[in-house]
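Residue numbers (this note's numbering): 17 to 172.
This is how it looks when you write it as structure tokens:
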């Protein structure tokens, strides 16, 4: 069976600080629906966790509850729909993805947001929403969101 791949829909944003990056995340979070997977790409310190905090805020999660992967790789929140934050920074081998059960955590009736998504690309769905964060200055970022449908693209 041959699958029809929808054309990639992309939107770019420039932010001038963490508050604006948070706001982009919040607006993205408002567009998400059960089953969505968001993969975040960017250098260490580029603002991926700030984006996650904004996305999580759209589900009523306090930004203080979102942390990077110092000790926790997976955090599940009791929201409706369920929100899962996965931070793969400390993952070094593909086998570790199987051990943490990443495939069982994404999709279904929950929303998964994955930092360092490049470490799990073979496990992620083709229709994932990819978010790339790049430094453009000390506090400035270029954020590119790929994969949203046209209706939601215009809501961010």
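Positions of the beta carbon are idealized from the N, C-alpha and C atoms, including for glycine.
{"Asked": "My output table needs one value for residue 70: the three-state DSSP class, helix, strand or coil.", "Found": "helix"}
{"Asked": "Who are the Cβ neighbours of residue 152 in its own chain at under 6 Å, not counting the five residues just before and after it?", "Found": "158"}
{"Asked": "Identify whether residue 83 lies in helix, strand or coil by the three-state DSSP scheme.", "Found": "coil"}
{"Asked": "Would the beta-carbon of residue 129 fall within 8 Å of that of residue 58?", "Found": "no"}
{"Asked": "Over the uninterrupted beta strand (DSSP E) stretch that includes residue 99, give me the two end residues.", "Found": "98–103"}
{"Asked": "Any idea what DSSP makes of residue 45, helix, strand or coil?", "Found": "helix"}
{"Asked": "Check residue 113 in the structure and name its three-state DSSP category.", "Found": "helix"}
{"Asked": "Using only the alpha-carbon positions, how far apart do residue 155 and residue 35 sit?", "Found": "10 Å"}
{"Asked": "Could you give the distance in angstroms between the alpha-carbon of residue 92 and the alpha-carbon of residue 136?", "Found": "18 Å"}
{"Asked": "Residue 67: buried (16+ other C-beta within 10 angstroms of its C-beta) or exposed?", "Found": "buried"}
{"Asked": "Looking at the structure shown, is residue 36 part of a helix, part of a strand, or coil, going by DSSP?", "Found": "helix"}
{"Asked": "Give the DSSP-derived three-state secondary structure of residue 135 in the structure shown.", "Found": "helix"}
{"Asked": "Determine the closest residue to residue 51 out of 97, 103, 147, 107, with distance taken between C-alpha atoms.", "Found": "97"}
{"Asked": "Considering only the alpha carbon of each residue, which of 49, 37, 88, 39 lies closest to residue 99?", "Found": "49"}
{"Asked": "Can you tell me which residues form a DSSP beta bridge with residue 77?", "Found": "None; residue 77 has no bridge partner."}
{"Asked": "Would you say residue 94 and residue 74 are within 8 Å of each other, going by their C-beta atoms?", "Found": "no"}
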